[in-house]
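The next block holds one structure in the form of structure tokens; read it before the comments.
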Amino acid sequence: MEPKTNEIEDFPEHWKATLLGEGFWKDAEDWNKDTNAKIEAGNLHTKFPFNIGAEQAPRAPSIVTTTADSDSVVEEVTAEKRNRRFSMNDALGLNLFANSHPRSRSRSNNRGRSSSVTPDVRRSNSLIRITFNRMSLRLREKGEEEEEEEEDQLQPEKPIIAIPTFSPDQATPANPLMEFCGGTLWTALPKDRRTLGIDVFWPIPKDEDKGEKENVKQNEDDKEEEEKPTIFPIDEMAPVCMFRNLRVLKITGMMQSYQMYIFQAAWLNTNLDELEIGMALSPRLRRGYKWPYIKGGWQLNKTNMEEPVYYGDCEGSLIHKVGIGEYLDKICLEKAKIRAMAMGSTRNRLSIRTLVLTGVVVDADPFLHWFDPKRLKCINFKDNCVDAGFYLSHCMKKVSILFPHRVEEPILRGRRVNPLSELKVIELKGGKKIGEIPYRGPQSLKENIPRNSTEQKKKADEEVVDEAQIEIAL
């Protein structure tokens, strides 16, 4: 009986071949059923339902106390109020003389009125000490400021990195950012945008004069240039997972696989309608794997179910014994879903309606596992895609398949030739043939080649004209 859905029960052998197994994904889909329903209804709560890791306890508040006999500042931890930590300037601004010498005041009260006017020697010593302490502190601060200014002058100025800004019609599928290099460019792209288009192909710079370049640049600079990556690094694609409102995502010009981040973003953007993945080079297969290219007279396999297959390295590329190229990797999609589940809410199946592929090897298993038959409408195979066992289940029979039409090449006709009888030696003048003789060996190259009849006639006509001009002149 033909399966009418892509449920786990319909393809048990295929789900047993997954990374975590059939039982895990059954439990995961049951646990995620309410979330999946809320996403489809469009009323998903934006807050993540649980916190990853333990919450940090709030820092205990503190109260700062000072003493008049010294410059020390003591911070006492309490549980009632949080104040900022006082600096030395704050400490010097306090009323340091209030209640500083209670012992001397008690003595003055026991004496007469006249004795109360007598200055306290200990008090005067304290005032002098505090004054000198404040003066030395100000001198020390002034010296530190001067040292900092000198250090700033000696240090080279740090280059200012300008973050570009993009208009709404840039970085779109219709107008992608070419030679995208990541880094600060990710920060210039608003995370709430609905479409994103980038091309990560880095062309190799052409050295017009290598000798002059070697004379200008030093050896250290050349070494740094060699250490720089020549293609877009894989980890530079990670910020694409920070977007949440994408409806269309297009990434082209890829020289290596970035599926681990591309499909993680596809899982996290629960309303993603169109995804395009484009490779810069076509796959190269080894002998023994005569898979057809999806173009021209290619036909879709009519079957609805076959044994599970896998030709990938779990990272989105073909295994080495098969060849070199991009592979639509079911294990890579599974790992991307696991990472996405730890970051936010996801659907049970991808929300993609239109999948566009260029230079990718495909089979049927990723569509059985991770694509929603209720949403997938079109698969567009562009140039250099390879069929490694691609078919669609019965519930996806209405999905339209697009691929390049046959390109008619001109027919080249040929005939057999006899070089000994047909090979000739010709003489050219001004790009035109003026004479020819049959080739009879190396000696024929030294022979005088007679002029063609047309060339001789033309020369004779020129001589006649010259004679007529001479007669007229006489």
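Under my numbering, think of the first position of the sequence shown as 757, with each following residue one higher. Note that the Cβ used here is the ideal one computed from N, Cα and C, for glycine as well.
Cα-Cα separation between asparagine 788 and glycine 1053, rounded to whole angstroms: 43 Å
By alpha-carbon positions, which one of Glu1183, Lys1188, Lys898 ends up nearest to proline 1206? Glu1183
Three-state secondary structure (DSSP) at methionine 1010? Three-state result, methionine 1010: strand.
Does DSSP put leucine 1056 in a helix, in a strand, or in coil? coil
Where the beta strand (DSSP E) through phenylalanine 1137 begins and ends: 1134-1137
Under the three-state DSSP convention, the category aspartate 948 falls into: In the structure shown, aspartate 948 sits in coil (DSSP, three-state: anything other than H, G, I, E or B).
Whole-angstrom distance between alanine 944 and leucine 1005, CA atom to CA atom: 17 Å
Just confirm the distance between the C-beta atoms of glutamine 1012 and isoleucine 987, as a whole number of angstroms; I'd bet it's less than 8 Å. 6 Å
Indicate the three-state DSSP secondary structure (helix, strand or coil) for glutamate 1071 in the structure shown. coil
Backbone CA spacing between tyrosine 1195 and alanine 1036 [nearest angstrom]: 49 Å
Going by DSSP in three states, glycine 777 sits in which element: helix, strand or coil? helix
Can you list, in chain order, the residues of its chain whose CB lies under 7 Å from that of aspartate 965, leaving out five sequence neighbours each side? Residue confidence is low: aspartate 965 scores 47 on pLDDT, short of 50, so the model does not pin down where it sits. No coordinate-derived value is stated.
From the DSSP secondary-structure annotation, give me the bridge partner or partners of isoleucine 1193. Val1181
Ranges of the alpha helix (DSSP H) found wholly within the segment 1096-1154, counting only runs of at least 4: 1121-1126
Nearest CA to the CA of glutamate 796: which residue from Thr1110, Trp1126, Arg1103, Lys1188? Arg1103
Tell me whether lysine 1153 is buried or exposed, calling it buried when 16 or more other Cβ atoms sit within 10 Å of its Cβ. exposed
Aspartate 955 beta carbon less than 9 Å from that of threonine 1008: yes
Could you confirm whether any beta carbon from chain D is found closer than 9 Å to the beta carbon of histidine 1125? Chain labels in this structure do not include chain D; a single protein chain is all it has.
Expected contact under 8 Å - CB spacing of proline 1039 and leucine 1084 to nearest Å: That pair is no contact at about 11 Å.
Using only CA atoms, which one of Glu1178, His1150, Phe1137 lies nearest to valine 1161? According to the sequence shown, residue 1161 is histidine rather than valine. Of Glu1178, His1150, Phe1137, the residue nearest in Cα terms is Phe1137.
If you compare alpha carbons, which of Leu1024, Pro1048, Leu1179, Leu933 is closest to valine 1142? Nearest neighbour of valine 1142 by Cα position, chosen from Leu1024, Pro1048, Leu1179, Leu933, turns out to be Pro1048.
Put proline 768 into one of helix, strand or coil per three-state DSSP. helix
Measure the alpha-carbon distance for tyrosine 1147 versus arginine 1043 and round it to whole angstroms. So the two alpha carbons sit approximately 23 Å from each other.
Specify, as a first and last residue, the run of the alpha helix (DSSP H) that glutamate 796 falls within. 789-797
Have a look at Ser1149, Leu775, Gly1187 and flag the residue whose alpha-carbon is nearest the alpha-carbon of lysine 1058. Ser1149
Reduced DSSP category for isoleucine 954 - H, G, I as helix; E, B as strand; rest coil: strand
Quick one: Cα of glutamine 1020 to Cα of isoleucine 1050, how far? 27 Å
Does DSSP put valine 996 in a helix, a strand or coil? helix
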